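**Student:**
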Amino acid sequence: MGEMFDLAIVGGGINGCGIARDATGRGLKVYLCEQDDLASGTSSWSTKLIHGGLRYLEYYEFRLVREALIEREVLWGIAPHVIAPLRFVLPHHRGLRPAWLLRLGLFLYDHLGGRKRLEATRILDLARHPAGAPLKPGFGKAFEYSDCRVQDSRLVVLNAMDARARGATIETRTRLVEARREESCWAITVEDRGGQRVIRAKALVNAGGPWVAEVLDDRIHIESHARVRLVKGSHIVTRKIFDHDKAYIFQNADGRIIFAIPYEHDFTLIGTTDLDYSGDPKAVVASEDEVLYLCAAASEYFEKPVTREDVVWSFSGVRPLYDDGASKAQEATRDYVLTLDAAEGKPALLSVFGGKITTYRRLAEAALAKLAPHLPPQGQPAGWTGRSALPGGDFPVEGVDALTDELLTRYPFLEPDMAARYARTYGRAAFNWLGFAKDIRDLGEIFGAGLTAREIRYLIEQEWARSGDDVLWRRTKLGLHLSPAERARVAEFVAGEVGVLAG
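Quick look at the structure:
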């Protein structure tokens, strides 16, 4: 017969995990499957920002921008370990958008979303301000405004962990083979390393991200009028270009914008591109042309040119945007569209098109509102996810430094950089796996950059990590700090630990 659930979700990205958390917290019995690792698709290849989307104002996306602006402080409040305020410097470029237009856009940006804790916009004199030092001398004026940075893949994992803690079943490396309607439920065939099995659910959510159309066409065999537009976004990472803690947003002559963001202490993240994409989302990589484009765009502003040799890493992701017929990829809407297929008396199917990481929580609320007539009564009202901290995030929004000090007091053998990383990565959950350690040797083998055997075991046991890449590029970004030999040792250790767990 197969275990019965109220709601089954296909896709372990930010939207799928956000819906799972919200639904489980409302008392529904939830199942989620992900064909690879959590956040292994679009959700881990973002620009790492929680932002309103300043440039979307030019496309009159006022509802989307307002919703995203409000969400910045909501998400900061529930996940202050993986989300933090970041100030952005927007130099005025003569010949591009006029200063009055930038000032008007930033006035709306400050006031459209009911900003409370984030700092307001101010004007900088780049000849005097430290933010002007790395730039070419011709830039005299800039606007400085607020948004937030985020550890994107960790935000996904935290939502999945909270859903599981509330009763959800979360299965990674588990592929949807087929879903078919029965009289009162979906019969859903999934496959993992143990083979195929069937589960049943009263409603089904297709949150497949770039694979949303494939899931509809090939696994569920339902045609949808809504279509997905795959847009490729690539980024480069260089050694640190500037020493201050602010980010830059640069206008380009082609109408695009790029960001240059302080990243992982020793690096600068530059991106993104916007190109239509038609290949396999799993095979997407930053092309040489995109890497050179980003180097050239940044070099228009920085006094020291950014060259191909400066690039230490590049990554690319495919955004599954709703196809609104926009002529250019950068003009395609970032808003989400939810389609409901619910013939009378038949179990419902909801498909998620588009969206952005900033508005995932609101998307989840909208999804459950659409599905409400097809699900059992929900015990918890909408909005609870914005008031309840994600795992490890139960401390004040400006309390990361205090938490770091608490870790150093309880575990004086830690290096300050290690304690700071633990606070920013795990929040108060760091105490769960550090436990009663009295000495650094209690944490086991050290692989480099403060990564220890005990931390890896925690990621395997509690956060679904199953490979070296899961640990080094999604649960952390320590892959940037380790040598190839150290990364290979991590992969070997993870494989051995997973083998023991499976055996």
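Counted from 1, the sequence shown has number 313 at position 301 by the numbering used here; the numbering is strictly sequential. Glycine included, each C-beta is placed from N, C-alpha and C at the ideal position. This structure is a prediction, so every number in the text was calculated from the model and none was measured.
From L108, D413, H104, N444, pick the residue whose C-alpha is nearest to that of A431; which is it?
**Tutor:** Residue D413 is the option with its Cα nearest to A431.
**Student:** Helix, strand or coil: how does DSSP classify Y470 here?
**Tutor:** Note: Y470 maps to helix in three-state DSSP.
**Student:** On the DSSP bridge assignment, give the partners of L102 in chain order.
**Tutor:** Its beta-bridge partners are F155.
**Student:** On the three-pair Cβ rule with 8 Å, is the segment 290-307 touching the segment 230-246?
**Tutor:** Contact holds: three or more Cβ-Cβ distances are below 8 Å.
**Student:** Which partner residues does P403 have in the DSSP bridge list?
**Tutor:** In the DSSP output, where bridge partners are listed per residue, P403 has none listed.
**Student:** Since F518 and V42 should fall inside the 8 Å C-beta cutoff, what is the C-beta to C-beta distance between them, to a whole number of angstroms?
**Tutor:** This structure cannot speak to residue 518, because the chain is shown only from 13 to 515.
**Student:** Per DSSP, what kind of secondary structure is T284 in: helix, strand or coil?
**Tutor:** Three-state DSSP puts T284 in coil, outside helix and strand.
**Student:** Of the residues Q47, G53, L113, which one's Cα is nearest the Cα of V189?
**Tutor:** For V189, the nearest C-alpha among the options comes from Q47.
**Student:** Count the other CB atoms within 10 Å of the CB of L113; is the residue buried (16 or more) or exposed (fewer)?
**Tutor:** By the neighbour-count rule (16 or more Cβ atoms within 10 Å), L113 is not buried but exposed.
**Student:** For Q263, count the other beta carbons within 10 Å of its own beta carbon; 16 or more makes it buried, fewer makes it exposed. Which is it?
**Tutor:** Its Cβ being crowded by 16 or more others within 10 Å, Q263 is buried.
**Student:** Identify, in the order they occur along the chain, each residue of the same chain with its Cβ nearer than 6 Å to the Cβ of W57, setting aside the five sequence neighbours on each side.
**Tutor:** Hits under 6 Å: F327, G329.
**Student:** Considering Cα atoms alone, identify which of L130, L136, A139 is closest to E410.
**Tutor:** Cα-wise, what sits closest to E410 is L130.
**Student:** Is the segment 225-238 close to the segment 254-274, with three or more CB pairs under 8 Å?
**Tutor:** With a cut-off of 8 Å, the segment 254-274 and the segment 225-238 do not count as touching, because too few Cβ pairs lie within range.
**Student:** Below 7 Å CB to CB, which residues in the same chain sit around L419 once its five sequence neighbours on both sides are set aside?
**Tutor:** If we look at L419 and ignore the five residues flanking it on each side, its Cβ neighbours are L426, A431, Y434, A435, A442.
**Student:** If you measure between the beta carbons of R67 and S158, is that distance less than 8 Å?
**Tutor:** No, the pair does not count as a contact, with Cβ atoms beyond the cut-off.
**Student:** Would you list the one or two residues that DSSP bridges to D353?
**Tutor:** The partner list for D353 (beta bridge, DSSP) reads L361.
**Student:** Mind listing, in chain order, the continuous beta strand (DSSP E) runs of no fewer than 3 residues lying wholly within the segment 50-103?
**Tutor:** The qualifying runs are 95-103.
**Student:** Do L170 and V94 count as a contact pair if the criterion is CB distance below 8 Å?
**Tutor:** Against a cut-off of 8 Å, the Cβ pair of L170 and V94 comes out as a contact.
**Student:** In this structure, does DSSP put L130 in helix, strand or coil?
**Tutor:** If DSSP states are grouped into helix, strand and coil, L130 belongs with coil.
**Student:** How close, in whole Å, do the beta carbons of W198 and P359 come, if the pair is a contact with beta carbons under 8 Å?
**Tutor:** Rounded, the Cβ-Cβ distance is 5 Å, consistent with contact.
**Student:** Could you pull out every residue in the same chain whose Cβ sits closer than 7 Å to the Cβ of V303, ignoring the five residues on either side in sequence?
**Tutor:** Contacts found: I248, R320, V323, S326.
**Student:** Roughly how many angstroms lie between the CA atoms of V101 and I261, to the nearest whole one?
**Tutor:** Answer to the nearest angstrom: the Cα atoms are 6 Å apart.
**Student:** Is the separation between the beta-carbon of A32 and that of A175 shorter than 8 Å?
**Tutor:** Yes. Within cutoff.
**Student:** Is the Cβ-Cβ distance between T471 and G439 less than 8 Å?
**Tutor:** The sequence given here places Leu at residue 471; Thr does not occur at that position. Cβ distance not < 8 Å, so L471 and G439 don't count as in contact.
**Student:** Which one of S479, V502, N444 has the shortest CA to CA distance from G462?
**Tutor:** The shortest C-alpha separation from G462 is found at V502.
**Student:** Alpha carbon to alpha carbon, what distance is there between V318 and L281?
**Tutor:** Those two C-alpha atoms are separated by around 12 Å.
**Student:** According to DSSP, is S165 part of a helix, a strand, or is it coil?
**Tutor:** Of the three classes helix, strand and coil, the one that applies to S165 here is helix, per DSSP.
**Student:** To which residues does DSSP link P274 through a beta bridge?
**Tutor:** T280.
**Student:** Kindly identify the DSSP beta-bridge partner or partners of N218.
**Tutor:** According to DSSP, N218 bridges with V22, S363.
**Student:** Grouping DSSP H, G and I as helix and E and B as strand, with all else coil, what is L138?
**Tutor:** Residue state, collapsed to three classes: coil.
**Student:** By how many angstroms is the C-alpha of V364 removed from the C-alpha of T351?
**Tutor:** About 7 Å.
**Student:** Kindly indicate the opening and closing residues of the beta strand (DSSP E) around D230.
**Tutor:** Segment: none, D230 is in no beta strand (DSSP E) and carries neither H nor E.
**Student:** Which residues bound the beta strand (DSSP E) around W198?
**Tutor:** Note, W198: beta strand (DSSP E), 198-204.
**Student:** At which residues does the beta strand (DSSP E) containing R530 begin and terminate?
**Tutor:** Residue 530 lies beyond the stretch modelled for the chain, which goes from 13 to 515, so this question has no answer here.
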